[in-house]
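From first to last, the protein sequence lines stand for chains A and B. Its first residue numbered 4, the first sequence is counted upward by one per residue in our numbering. Its first residue numbered 4, the second sequence is counted upward by one per residue in our numbering. Beta carbons: idealized from backbone N, C-alpha and C, even for Gly. Structure record follows, encoded as structure tokens.
2 protein chains.
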Amino acid sequence: MNKLSNIEKDFAQWYQDVIYAAELVDETSVRGCYVIRPYAWKMWELIQAYLDARIKETGHQNAAFPLLIPESFIKREAEHVEGFSPELAVVTMAGGKKLEEPLVIRPTSETTIHHSFSRWIKSWRDLPLKINQWANVVRWEMRSRPFLRTTEFFWQEGHTAHETKQEAETEVQLMLNEYVSFIQGQLAIPVIIGQKTEVEKFAGAEKTYAVEAIMPDGKSLQMCTSHLLSQNFAKAFNITFQDRGKTQSYPYLTSWGITTRVIGATIMVHGDQKGLIIPPAIAPIQVVVVPIYKNDDEKDAVQAHYDFIKTALADFRISFDEDMSKTPGAKFYHWELRGVPIRLEIGKRDADKEQVVLVNRLTGEKNIVPFDKLSTTVKMLLEKLQKDLYQRAHEKMDKLVFVGEKLSEFGPKMADEAGAYITGWCGDPACEQELKKYKAFTRCLLETHKLSQCMCCGKSSKRDVLVAKSY
Amino acid sequence: MNKLSNIEKDFAQWYQDVIYAAELVDETSVRGCYVIRPYAWKMWELIQAYLDARIKETGHQNAAFPLLIPESFIKREAEHVEGFSPELAVVTMAGGKKLEEPLVIRPTSETTIHHSFSRWIKSWRDLPLKINQWANVVRWEMRSRPFLRTTEFFWQEGHTAHETKQEAETEVQLMLNEYVSFIQGQLAIPVIIGQKTEVEKFAGAEKTYAVEAIMPDGKSLQMCTSHLLSQNFAKAFNITFQDRGKTQSYPYLTSWGITTRVIGATIMVHGDQKGLIIPPAIAPIQVVVVPIYKNDDEKDAVQAHYDFIKTALADFRISFDEDMSKTPGAKFYHWELRGVPIRLEIGKRDADKEQVVLVNRLTGEKNIVPFDKLSTTVKMLLEKLQKDLYQRAHEKMDKLVFVGEKLSEFGPKMADEAGAYITGWCGDPACEQELKKYKAFTRCLLETHKLSQCMCCGKSSKRDVLVAKSY
Chain A
4 MNKLSNIEKD
14 FAQWYQDVIY
24 AAELVDETSV
34 RGCYVIRPYA
44 WKMWELIQAY
54 LDARIKETGH
64 QNAAFPLLIP
74 ESFIKREAEH
84 VEGFSPELAV
94 VTMAGGKKLE
104 EPLVIRPTSE
114 TTIHHSFSRW
124 IKSWRDLPLK
134 INQWANVVRW
144 EMRSRPFLRT
154 TEFFWQEGHT
164 AHETKQEAET
174 EVQLMLNEYV
184 SFIQGQLAIP
194 VIIGQKTEVE
204 KFAGAEKTYA
214 VEAIMPDGKS
224 LQMCTSHLLS
234 QNFAKAFNIT
244 FQDRGKTQSY
254 PYLTSWGITT
264 RVIGATIMVH
274 GDQKGLIIPP
284 AIAPIQVVVV
294 PIYKNDDEKD
304 AVQAHYDFIK
314 TALADFRISF
324 DEDMSKTPGA
334 KFYHWELRGV
344 PIRLEIGKRD
354 ADKEQVVLVN
364 RLTGEKNIVP
374 FDKLSTTVKM
384 LLEKLQKDLY
394 QRAHEKMDKL
404 VFVGEKLSEF
414 GPKMADEAGA
424 YITGWCGDPA
434 CEQELKKYKA
444 FTRCLLETHK
454 LSQCMCCGKS
464 SKRDVLVAKS
474 Y
Chain B
4 MNKLSNIEKD
14 FAQWYQDVIY
24 AAELVDETSV
34 RGCYVIRPYA
44 WKMWELIQAY
54 LDARIKETGH
64 QNAAFPLLIP
74 ESFIKREAEH
84 VEGFSPELAV
94 VTMAGGKKLE
104 EPLVIRPTSE
114 TTIHHSFSRW
124 IKSWRDLPLK
134 INQWANVVRW
144 EMRSRPFLRT
154 TEFFWQEGHT
164 AHETKQEAET
174 EVQLMLNEYV
184 SFIQGQLAIP
194 VIIGQKTEVE
204 KFAGAEKTYA
214 VEAIMPDGKS
224 LQMCTSHLLS
234 QNFAKAFNIT
244 FQDRGKTQSY
254 PYLTSWGITT
264 RVIGATIMVH
274 GDQKGLIIPP
284 AIAPIQVVVV
294 PIYKNDDEKD
304 AVQAHYDFIK
314 TALADFRISF
324 DEDMSKTPGA
334 KFYHWELRGV
344 PIRLEIGKRD
354 ADKEQVVLVN
364 RLTGEKNIVP
374 FDKLSTTVKM
384 LLEKLQKDLY
394 QRAHEKMDKL
404 VFVGEKLSEF
414 GPKMADEAGA
424 YITGWCGDPA
434 CEQELKKYKA
444 FTRCLLETHK
454 LSQCMCCGKS
464 SKRDVLVAKS
474 Y
């Protein structure tokens, strides 16, 4: 049996332990690349199914653009090339020959998609153009951690073009709100939303909005981003359209994405000493049935009710653990480690009484439930678990977010102890730079204006800012 | 309006014309790579949804393995490296530095997945191991044609490991049969099934089974393959398990895959001079509603029934064409080109009589259908269309497959005219090689034994073989 490191004392090691013990990932022979094993991939499939439906319902269409991008494309937008150059994986040989122009593996697809946009957009009638793709991307990472920072990762990337800046802004907010409702509703993770600073924004964007979540170690994790690209890329890729006034204009572009790293966030936010606790909305198995019997007679008595259980729980993702080589106790341990929300135990005596025992993974509470109430009880319990996980995560987050006035005072605490800080900032990158002394960064500019002075220079603060160590 | 080349006189050019005119693909700046545009990607999503469900129902689990593979992995299996080396795209630079060991972009994932298998398989209890992934792969192609042969393409690749050769054979046949039922049932394409010869089999396999479809130009297109890898890769990647007799053994492996090229096959098999005809099962739009009105009063009268139509056709993929800049005639043309199975016309007089006109894309037949029969009529018509397309394709295929005794006689016909041939073969690769004189290849060995002599040397034939030009 796998023993997980103490979650309170060594959170980072607990994370490493649990992702391997629960068979979510495996190492490979390529630096920073991991196998995403079936149990974790199923979570991603459930995430994809939810988001894909929302992306389509909000008027976007899926397509597929090439993995490989001419090196010259990446260089067309000055900030973009500066931001991504150090992370590129480059194909220089193909078909047994040296390529005339090297090809980079997409680190993100703005450049190749905007090249296509320049071919498709001629008139205002072609706008808005709202495209999404589910894809793998590669960014060469010096230090990797499964899900959180990997050389290859999976994501969706939305790319849209609009007639006016106002419309593009609306799109950026629309998808930001979709992400927030997904993260809070499906992943049960509370978030902090705001705009990235000039230093932290996406390379080539006018504005980047981000959704941040505070992990139990007080570090902030960027869950996703939504960018107003404005006309920079349109100019770099010569995307023009005849507008309603018959003038050639540049469209306003946006892009937005969310990655497999949210699986890492979900593991960190909800897990406990026993292992994962997966929110029911993305749990590959929502109810695991563990039969308990000592002999063939008892076994027959229990199994006689399997059809009933399958029918009663047909709306849920259920699994029967019939592994004869394991004791019930070993099975409890196995499924607790894997974070299945509800365990359903049924023994001979339960079978005779037409009842089962439901065990809540979050609280460990046991409930005896008669057969005729099984379906409704499971439904209620899964809904309750989803809400309780969010509530618990919110309480944890509240204890990790502080208000700090002076960086010189809260900086050392932030460096040594768990915690993120809301503080004031004058807007000067030099003051932002001071955070690095404490291994921290600005995470996002908030809509609030509670603090009047800059954390660093003491001058007037423009708006509140979230600062923290980060993943 | 786009005019398609004559489908009878220049089939190859018709194909090129229709895939661009119907906005299925677009060119990119990377050799052999294409954008798969939303309308075609939706077909792939429908194909994925069907196959993914079947793959899961037959006991496989999805996972994700790395895009990049160490060059040394590819070299471990002698035949495999020989087969794939000329097609590899190689990453030599990453993160601004030259890599110590080059990484190839997966042309297929046997090597990296078998490396993982060697970590996961310890005992017979770990078998069978049945994994699938949906992925993009890259094979450097000198000559590309959208969908049919592209540098990057999309597919699913299944990889399994079994205790016995018998079990592995069963798996290979199971998935071959799944493919056949998918291709015939969903794509409405009749097929010929058989085993590849030693020369044509997958690099590293013991046996390759293929599903071939005959295109209207008489060329044979390999729709998918299912390989018995046996123990070659297991030995190369040192996958061993303790068997039931407590001896260390090598498992028997299989792999099987189907790619986006089946979209190309569907276009070729069913299309006509007006454009695509998409089988209802994979049609992004099954029914397109074209309203017909001359003024606002008529428009209101027609649109008053939209809610009814939406409700009546809620089980189908429908779309309303409300483009005010186009005449009904232009819309008919537009949707015929895109191969939507049923056009639903509704004008003021129809609205008043509570009826619509349904037009069959395959036959052009028009039917007046009263509102109360709309739902059932559409259901029946889609089912009929699906069957009729298969029937028509089968008739076309029957006219393109001939029996030939002597290569010297049928070879010239095969080189100049459309057609595939069933003939005899002694099994000698030298006789197989003779086919190249006529630009043809063996496609698959059949179960039949109608011809007693080899097409080439006249010696005794072992079994019938399908020979044809190929895509």
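Interface residue (Cβ-Cβ distance to chain B less than 7 angstroms): Val290/A is not classified as such. A contact between stretches requires three or more CB pairs, one per stretch, nearer than 8 angstroms, and the segment 164 to 175 of chain A fails this requirement with the segment 369 to 389 of chain A. Partner residues in the beta bridge of Thr445/A, as assigned by DSSP, are Val470/A. Proximity of chain B to Leu347/A at the Cβ level (cut-off 8 angstroms) is not reached, the minimal Cβ distance being about 22 angstroms.
Rounded to whole angstroms, the separation of the alpha carbons of Ala25/B and Tyr53/A is 29 angstroms. With contacts defined by Cβ atoms closer than 7 angstroms, Ala191/B and Leu365/B do not form a contacting pair. Look at Trp158/A: its C-beta is not under 7 angstroms from any C-beta on chain B.
Taking Glu368/A as the centre and dropping the five residues before and after it, the same chain places the C-beta of Val362 closer than 8 angstroms to its C-beta, in chain order. Apart from sequence neighbours up to five positions away, the residues of its chain that approach Leu71/A with a beta-carbon distance below 6 angstroms are Leu106, ordered along the chain.
Judged by DSSP in its simplified three-state form, Trp137/B adopts strand.
Any Cβ of chain A closer than 7 angstroms to the Cβ of Val84/B would place that residue at the interface, and such an atom is absent.
Taking the Cα of Tyr309/A as reference, the smallest distance to any Cα among Ile349/A, Leu102/A, Asn298/A, Ile281/A is reached at Ile349/A. Excluding five sequence positions before and after Trp127/A, the CB atoms of its chain that fall closer than 8 angstroms to its own CB belong to Glu166, Phe244, Gln245, Asp246, Arg247, given in chain order.
For Gln64/B, the residues of chain A that pass the 9 angstroms Cβ criterion are Arg40, Pro41, Tyr42, Trp44, Lys45, in the order they occur in the chain.
From the beta-carbon of Val343/B, no residue of chain A is found nearer than 7 angstroms; the closest lies around 16 angstroms away. With contacts defined as CB atoms closer than 7 angstroms, Val33/B and Phe68/A fail to qualify as a contacting pair. Taken through DSSP and simplified to helix, strand or coil, Asp300/B comes out as helix. Annotation: the continuous alpha helix (DSSP H) that includes Leu49/A extends over 41 to 60. By the neighbour-count criterion, in which a residue is buried when 16 or more other Cβ atoms sit within 10 angstroms of its Cβ, Thr330/A is exposed.
Residues of the segment 85 to 108 of chain A whose Cβ lies closer than 8 angstroms to any Cβ of chain B, in chain order: Ser88, Pro89, Glu90, Leu91, Ala92, Val93, Val94, Thr95, Met96, Ala97, Gly98, Gly99, Pro105, Leu106, Ile108. Only those residues of the segment 116 to 131 of chain B whose C-beta falls short of 8 angstroms from the nearest C-beta of chain A are listed: His118, Ser119, Arg122, Trp123, Arg128.
Taking C-beta atoms under 8 angstroms as the contact rule, Glu203/A and Leu469/A fail to qualify, at a distance of about 11 angstroms. When C-alpha distances from Ser233/A are compared across Ile270/A, Phe205/A, Asp220/A, the shortest belongs to Phe205/A. If you compare the alpha carbons of Gln456/B, Lys472/B, Ser473/B with that of Lys465/B, the shortest gap goes to Gln456/B. Within the segment 66 to 81 of chain B, the residues whose Cβ lies closer than 9 angstroms to some Cβ of chain A are Ala66, Ala67, Phe68, Pro69, Leu70, Leu71, Ile72, Pro73, Ser75, Phe76, listed in chain order. The beta carbon of Thr250/B sits no closer than 7 angstroms to any beta carbon of chain A. In this model, Ile22/A and Lys45/A are separated by some 14 angstroms (Cα to Cα).
In this structure, the beta-carbon distance from Ala354/A to Ala418/A does not fall below 7 angstroms. The contact set of Thr31/B on chain A, defined by CB atoms closer than 8 angstroms, consists of Phe68, Pro69, Thr115, His118, Ser119 in chain order.
Glu357/A has a beta carbon lying at 7 angstroms or more from every beta carbon in chain B.
The criterion of a C-beta distance shorter than 7 angstroms is not satisfied by Pro41/A and Ala213/B. Rounded to whole angstroms, the separation of the alpha carbons of Ile58/B and Leu438/B is 37 angstroms. Closest in C-alpha terms to Leu256/A, from the list Thr114/A, Asp326/A, Met145/A, comes Thr114/A. For Ala81/B, the closest alpha carbon among the candidates Phe236/B, Leu377/B, Pro432/B, Glu450/B is that of Phe236/B. Using a C-beta cut-off of 8 angstroms, the segment 275 to 292 of chain A makes contact with the segment 322 to 340 of chain A, since at least three inter-stretch Cβ pairs fall below that distance. DSSP places Pro373/A within a strand segment (E or B) once states are collapsed to three.
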